[in-house]
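The structure appears below as structure tokens.
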Amino acid sequence: MLIEVGVFLTILLAAMLGSMIGVGGGFLIIPSLVLLLNLPVHKAIALSLLSIVSVSLSAVTTYSLSEHIDYKLGLLLETTSIIGAFSGARISLMLESRVLIILFSIALFYVSYRMLTNMRIEAKPREIRASYNRLAFGIVCAYVAGLLSGLLGIGGGIVKVPIMVLVLNVPMKLAVGTSMFMISLTSVSGSYVYFQSGVIDYYLASVAIIGAFIGAQVGSRLGLRIRGVILRRIFGFIMIIFSIMMIMKGLGVML
Amino acid sequence: MKFNKIYSYMIMLLLLLAISISFIGLLLTIIYGLASEYVIKLGVLILYFTPLASILMLLIKAIIDRDYKMVILIVVILAILILNVYYLGLPEFS
Chain U
1 MLIEVGVFLT ILLAAMLGSM IGVGGGFLII PSLVLLLNLP VHKAIALSLL SIVSVSLSAV
61 TTYSLSEHID YKLGLLLETT SIIGAFSGAR ISLMLESRVL IILFSIALFY VSYRMLTNMR
121 IEAKPREIRA SYNRLAFGIV CAYVAGLLSG LLGIGGGIVK VPIMVLVLNV PMKLAVGTSM
181 FMISLTSVSG SYVYFQSGVI DYYLASVAII GAFIGAQVGS RLGLRIRGVI LRRIFGFIMI
241 IFSIMMIMKG LGVML
Chain L
256 MKFNKIYSYM IMLLLLLAIS ISFIGLLLTI IYGLASEYVI KLGVLILYFT PLASILMLLI
316 KAIIDRDYKM VILIVVILAI LILNVYYLGL PEFS
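Chains as they are written, first to last, in my numbering: chain U, 1 to 255; chain L, 256 to 349.
Below, the structure is given as structure tokens:
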């Protein structure tokens with residue numbers, strides 16, 4: 001019972017904080033579950049993916065109402081992203097926990113660096129339409145995003161949004177909405193592999209989806225009242241600490 | 256009513272349904288033990304079905320609009336999903 005309460009509170013907080021800055025929260029959910037609750041990393045990834053399904057679907061309803069989803073582009077990129085998610089999840093199940101933790105820490109370190117340095121992505125205004133070559137490159141990158149999602153239990157928005165903005169010249173708001181639509185499909189694909197392999201039980205899964213949904217709803221409302229830049233800096237700092245702790249855990253320095 | 260409204264309301268409805276059923280299942284499990292595990296399973300399975308339902312809604316819209324590129328894309332995605340689910344097996348529901 002204690003572990004269920006722990007999972008609920010951890011995912012609720014992570015989803016709430018994630019929604020405040022407009023991310024799924026996978027980068028917070030996994031280290032929290034692994035470091036604070038001492039859950040096995042595969043279980044944490046599976047629970048994170050399920051929570052992301054709940055968070056992304058909740059975001060899709062908002063972006064759909066404001067017409068910030070390019071369904072056609074999203075579906076086109078999803079053709080490879082789904083395959084990536086399925087293969088990433090299967091690779092993850094074959095990998096040792098220690099390897100997975102180190103891989104995750106590297107990704108986490110990169111994301112926190114980006115948050116702290118506040119790197120902005122902007123499309124080049126002179127290029128109006130994406131060429132077929134760029135589209136093909138985007139489709140390949142979408143596969144990588146799906147692979148990372150299935151492998152590390154993240155939404156993959158950190159790859160998808162830059163692909164759409166920088167490679168395909170999609171406006172930022174439309175890219176974020178389309179990315180959320182894509183994440184709902186990618187995370188459900190990756191999550192299903194973990195589910196069928198029996199990594200998580202239904203009991204913890206339901207706790208996770210309820211926590212993620214409530215957290216996302218509260219976070220998206222609170223996020224409007226707090227300054228984004230400060231929040232991103234605090235986040236980046238927490239995630240740097242998490243990534244160092246995860247590397248130490250992966251190397252066996254810390255239990 | 257515009258498609259985007261119907262689409263987002265339907266997704267929210269399914270999401271709320273999944274979460275409510277999971278919550279009821281959770282409460283029943285706490286009270287009666289493992290006997291109500293199948294209620295939780297139903298909630299989680301509805302959550303899994305929601306993105307699929309969103310694609311099916313887009314498919315209906317694409318057929319009505321005669322947007323054949325979109326129809327092909329959705330059929331390809333559905334084929335990938337079905338093949339993978341077939342390979343992994345359907346979830347046990349007991």
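Note that beta-carbon positions come from the ideal geometry of N, C-alpha and C, so glycine has one too.
Computed from a prediction, not measured in an experiment: that's the story for all the values here.
Mind listing the chain U neighbours of residue i? Cutoff is C-beta to C-beta under 7 Å, in chain order.
{"i": "residue 288 (chain L)", "result": "Within 7 Å Cβ-Cβ: nothing; residue 288 (chain L) doesn't reach chain U, min ~11 Å."}
Going along the chain, which residues of its own chain have a beta-carbon closer than 6 Å to the beta-carbon of residue i, five neighbours each way excluded?
{"i": "residue 262 (chain L)", "result": "312"}
{"i": "residue 102 (chain U)", "result": "250"}
{"i": "residue 297 (chain L)", "result": "276"}
{"i": "residue 237 (chain U)", "result": "none"}
{"i": "residue 163 (chain U)", "result": "138, 141"}
{"i": "residue 199 (chain U)", "result": "42, 43, 46"}
Give me, in chain order, the residues of the same chain whose beta-carbon lies closer than 8 Å to that of residue i; leave out the 5 immediate sequence neighbours on both sides.
{"i": "residue 270 (chain L)", "result": "302, 305"}
{"i": "residue 326 (chain L)", "result": "314, 317, 318"}
{"i": "residue 69 (chain U)", "result": "60, 63, 174, 177, 178, 180, 181"}
{"i": "residue 342 (chain L)", "result": "none"}
{"i": "residue 183 (chain U)", "result": "24, 52, 56, 149, 155, 156, 157, 160"}
{"i": "residue 10 (chain U)", "result": "29, 32, 33, 36, 37, 211"}
{"i": "residue 4 (chain U)", "result": "203, 204, 207"}
Under the assumption that residue i contacts residue j (Cβ atoms under 8 Å), give the Cβ distance between them as a whole number of angstroms.
{"i": "residue 216 (chain U)", "j": "residue 15 (chain U)", "result": "5 Å"}
{"i": "residue 47 (chain U)", "j": "residue 33 (chain U)", "result": "6 Å"}
{"i": "residue 299 (chain L)", "j": "residue 206 (chain U)", "result": "6 Å"}
{"i": "residue 85 (chain U)", "j": "residue 18 (chain U)", "result": "Contact flag wrong, Cβ pair sits at about 19 Å."}
{"i": "residue 108 (chain U)", "j": "residue 246 (chain U)", "result": "6 Å"}
{"i": "residue 72 (chain U)", "j": "residue 328 (chain L)", "result": "7 Å"}
{"i": "residue 185 (chain U)", "j": "residue 138 (chain U)", "result": "That belief does not hold up - the Cβ atoms of residue 185 (chain U) and residue 138 (chain U) are roughly 16 Å apart, past 8 Å."}
{"i": "residue 20 (chain U)", "j": "residue 231 (chain U)", "result": "6 Å"}
{"i": "residue 260 (chain L)", "j": "residue 65 (chain U)", "result": "7 Å"}
{"i": "residue 105 (chain U)", "j": "residue 243 (chain U)", "result": "5 Å"}
Do the CB positions of residue i and residue j come within less than 9 Å of each other?
{"i": "residue 83 (chain U)", "j": "residue 143 (chain U)", "result": "yes"}
{"i": "residue 209 (chain U)", "j": "residue 274 (chain L)", "result": "yes"}
{"i": "residue 177 (chain U)", "j": "residue 63 (chain U)", "result": "yes"}
{"i": "residue 80 (chain U)", "j": "residue 146 (chain U)", "result": "yes"}
{"i": "residue 333 (chain L)", "j": "residue 310 (chain L)", "result": "yes"}
{"i": "residue 203 (chain U)", "j": "residue 42 (chain U)", "result": "no"}
{"i": "residue 152 (chain U)", "j": "residue 30 (chain U)", "result": "yes"}
{"i": "residue 219 (chain U)", "j": "residue 8 (chain U)", "result": "no"}
{"i": "residue 297 (chain U)", "j": "residue 112 (chain U)", "result": "An answer regarding residue 297 (chain U) cannot be provided, because it is not within the stretch 1 to 255 covered by chain U."}
{"i": "residue 256 (chain U)", "j": "residue 36 (chain U)", "result": "Outside the displayed range of chain U (1 to 255) lies residue 256 (chain U), so it cannot be described from this structure."}
{"i": "residue 159 (chain U)", "j": "residue 141 (chain U)", "result": "yes"}
{"i": "residue 233 (chain U)", "j": "residue 115 (chain U)", "result": "yes"}
{"i": "residue 252 (chain U)", "j": "residue 134 (chain U)", "result": "no"}
{"i": "residue 259 (chain U)", "j": "residue 340 (chain L)", "result": "Lying before the first or after the last residue shown, residue 259 (chain U) is absent from chain U, which here runs from 1 to 255."}
{"i": "residue 92 (chain U)", "j": "residue 45 (chain U)", "result": "yes"}
With residue i as the anchor, note down where its alpha helix (DSSP H) starts and where it stops.
{"i": "residue 201 (chain U)", "result": "It is not in any alpha helix (DSSP H) - residue 201 (chain U) carries neither H nor E in the DSSP assignment."}
{"i": "residue 42 (chain U)", "result": "41-65"}
{"i": "residue 320 (chain L)", "result": "292-320"}
{"i": "residue 259 (chain L)", "result": "258-287"}
{"i": "residue 339 (chain L)", "result": "323-343"}
{"i": "residue 4 (chain U)", "result": "2-20"}
{"i": "residue 111 (chain U)", "result": "97-117"}
{"i": "residue 92 (chain U)", "result": "71-94"}
{"i": "residue 151 (chain U)", "result": "132-152"}
{"i": "residue 24 (chain U)", "result": "Per DSSP, residue 24 (chain U) belongs to no alpha helix (DSSP H) and is neither H nor E."}
{"i": "residue 171 (chain U)", "result": "Counting along the chain, residue 171 (chain U) falls outside any alpha helix (DSSP H), and DSSP gives it neither H nor E."}
{"i": "residue 158 (chain U)", "result": "157-162"}
Counting only the same chain and skipping the five closest in sequence on each side, list residues whose C-beta sits under 7 Å from that of residue i.
{"i": "residue 187 (chain U)", "result": "49, 52, 53, 56, 149, 155"}
{"i": "residue 266 (chain L)", "result": "305, 309"}
{"i": "residue 172 (chain U)", "result": "165"}
{"i": "residue 345 (chain L)", "result": "none"}
{"i": "residue 12 (chain U)", "result": "211, 214, 215"}
Please list, in chain order, the chain L residues whose beta carbon lies closer than 8 Å to that of residue i.
{"i": "residue 210 (chain U)", "result": "274, 277, 278, 281"}
{"i": "residue 10 (chain U)", "result": "Residues of chain L passing the Cβ test: none, with the nearest at roughly 16 Å."}
{"i": "residue 79 (chain U)", "result": "328, 331, 332, 335"}
Run through chain L and tell me which residues come within less than 9 Å of residue i, C-beta to C-beta.
{"i": "residue 53 (chain U)", "result": "302, 303, 305, 306"}
Applying a beta-carbon distance threshold of less than 9 Å, which residues of chain U neighbour residue i?
{"i": "residue 333 (chain L)", "result": "By Cβ distance, chain U contributes nothing, its closest Cβ being about 10 Å from residue 333 (chain L), past 9 Å."}
{"i": "residue 325 (chain L)", "result": "71, 72, 75"}
{"i": "residue 312 (chain L)", "result": "Chain U residues near residue 312 (chain L): none, gap ~10 Å exceeds 9 Å."}
By the criterion of Cβ-Cβ separation under 7 Å, what are the contact partners of residue i in chain L?
{"i": "residue 86 (chain U)", "result": "339"}
{"i": "residue 144 (chain U)", "result": "Chain L residues near residue 144 (chain U): none, gap ~17 Å exceeds 7 Å."}
{"i": "residue 96 (chain U)", "result": "None at all; the shortest Cβ gap to chain L is about 22 Å."}
Could you list which residues in chain U have their beta carbon closer than 8 Å to that of residue i, in chain order?
{"i": "residue 266 (chain L)", "result": "57, 60, 61, 64"}
{"i": "residue 263 (chain L)", "result": "60, 61, 62, 64, 65"}
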